[in-house]
Amino acid sequence: MSGQEHTNATNPTTSPKVPPAPKGTLKKVRIGHLQEMKAAGRPITFVTAYDAPMAGIADQAGIDAILVGDSVGMTVHGFETTLPVTMDMMIMHTSAVARGARRPLLVADLPFMAFQISPEKTMENAGRLMQEGGAEAVKLETNDPHVLESIERLVSAGIPVMGHVGLTPQSVHSTSGYRVQGRGEDAANILIEQALGVQAAGAFAVVLELVPAELARRVTAELKIPTIGIGAGVNCDGQVLVLHDLIGLTQSPPRFARKYMDMHAGVLRGLRKYARDVRERSYPDPGHSYE
Ligand code: KIV
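Take 5 as the starting number for the sequence shown in this note's numbering and just add one per residue.
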């Protein structure tokens with residue numbers, strides 16, 4: 005864990021309503037820290053972010069790692085699936101997040117068709133996420149054994165890789181929808197093998213998405229690398245949530261997502277009040293006008 009250490013990009017004291025990051029978490033988070041947290045039994049906090057202001061708030065909140073997920077296609081761009089997300093979109097959102105947050109580890113998703121074609125193409129695209137986007141690690145969905153070769157190549161080129169097993173949304177059309185994965189002993193064993201394969205290929209962590217809690221517990225106990233759960237119960241080494249589910253901007257969030265605030269209602273209230281004030285000519289008032 006060498007290298008320059010940063011403090012929070014934003015000063016917690018300027019916003020009294022937001023509690024500062026917990027003590028001892030002000031150092032730049034690197035992949036080795038996640039390994040240490042697993043060893044110490046300290047849960048890893050991950051959240052998605054897609055723009056600079058939200059990334060800054062995640063940093064200020066003391067979140068350990070930010071994922072610029074290809075979920076951006078659904079949460080921000082309004083697509084039905086993640087499949088239309090392109091490398092250029094991922095680079096644009098990753099660079100915005102990199103400008104907004106400094107302390108959390110910054111992981112960016114390789115989108116659909118960025119890593120399925122060949123290890124060479126995967127190297128090129130992962131390199132772009134780091135060079136043009138400022139990512140510090142990349143994540144790729146790893147239900148296909150062919151991807152393991154790409155992980156090995158990336159890792160040996162110095163690109164930290166996070167795997168992703170269980171529900172892999174880029175395969176939504178072949179998995180017949182967003183369903184719980186790994187139910188039953190055979191499916192569970194396949195998932196454990198996939199996670200072990202990702203670890204053997206050199207990944208520093210693996211996302212377990214939408215798998216039974218008991219299976220996630222087994223995988224977490226078997227792996228040396230941290231597991232980051234989403235819809236995978238409490239016994240993973242860390243948790244990741246899609247920001248828009250957590251802040252209440254998703255219309256029909258998945259059952260596993262806990263809504264920590266209702267941003268939809270708050271923004272709606274604010275916009276309705278603004279529209280009323282404009283129509284009543286009570287905004288702008290003299291205090292918001294210039295002489
Ligand atoms: O794209 C994304 O946000 C993800 C998370 C659901 C893990 O991959």
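No residue lacks a Cβ here, since even glycine has one placed at the ideal position from N, Cα and C.
Where residue i falls: helix, strand or coil (DSSP)
{"i": "Ile61", "result": "helix"}
{"i": "Gly233", "result": "strand"}
{"i": "Asp266", "result": "coil"}
{"i": "Leu71", "result": "strand"}
{"i": "Lys228", "result": "coil"}
{"i": "Ala209", "result": "strand"}
{"i": "His292", "result": "helix"}
{"i": "His168", "result": "strand"}
{"i": "Leu1", "result": "There is simply no residue 1 to check, as the chain begins at 5 and stops at 295 in what is shown."}
{"i": "Val184", "result": "coil"}
First and last residue of the uninterrupted beta strand (DSSP E) at residue i
{"i": "Asp241", "result": "Unbroken run through Asp241: none, as it is neither H nor E."}
{"i": "Thr52", "result": "Ile48 to Thr52"}
Residue environment, residue i, which counts as buried when at least 16 other CB atoms sit within 10 Å
{"i": "Tyr54", "result": "buried"}
{"i": "Met265", "result": "exposed"}
{"i": "Ser6", "result": "Residue placement at Ser6 is flagged as unreliable, the pLDDT there being 33, under the threshold of 50; a coordinate-derived value is accordingly withheld."}
{"i": "Ala59", "result": "buried"}
{"i": "Ser154", "result": "buried"}
{"i": "Pro288", "result": "exposed"}
{"i": "Lys27", "result": "Its pLDDT being 49, under 50, Lys27 is placed unreliably by the model, and nothing is read from it."}
{"i": "Arg107", "result": "buried"}
{"i": "Lys143", "result": "buried"}
{"i": "His97", "result": "buried"}
Continuous alpha helix (DSSP H) stretch holding residue i: start and end
{"i": "Lys42", "result": "Ile35 to Ala44"}
{"i": "Gly131", "result": "Pro123 to Gln135"}
{"i": "Ala199", "result": "Glu189 to Ala204"}
Residue i CB to nearest heavy atom of ligand 3 below 7 Å
{"i": "Glu84", "result": "Although ligand 3 was asked about, the structure shown includes only ligand 1 as ligands."}
Cβ-heavy atom distance, residue i to ligand 1, below 7 Å
{"i": "His97", "result": "no"}
{"i": "His150", "result": "no"}
{"i": "Asp249", "result": "no"}
{"i": "Ile70", "result": "no"}
Pick from the options that is closest to residue i, judged by C-alpha positions
{"i": "Ala192", "options": "His177, Ser175, Arg221 and Val210", "result": "Arg221"}
{"i": "Pro47", "options": "Gly237, Gln255, Ser256 and Leu253", "result": "Gly237"}
{"i": "Pro164", "options": "His150, Ala141, Asp68 and Val215", "result": "Ala141"}
{"i": "Leu245", "options": "Asp74, Ala44, Leu30 and Gln39", "result": "Asp74"}
{"i": "Ser256", "options": "Val101, Gly270, Met78 and Asp68", "result": "Met78"}
{"i": "Leu30", "options": "Gly45, Ile67 and Phe50", "result": "Ile67"}
{"i": "Ala261", "options": "Cys240, Tyr294 and Gly252", "result": "Gly252"}
Any C-beta of chain E under 8 Å from that of residue i
{"i": "Leu171", "result": "Annotation note: the requested chain E is absent from the structure, which comprises a single protein chain."}
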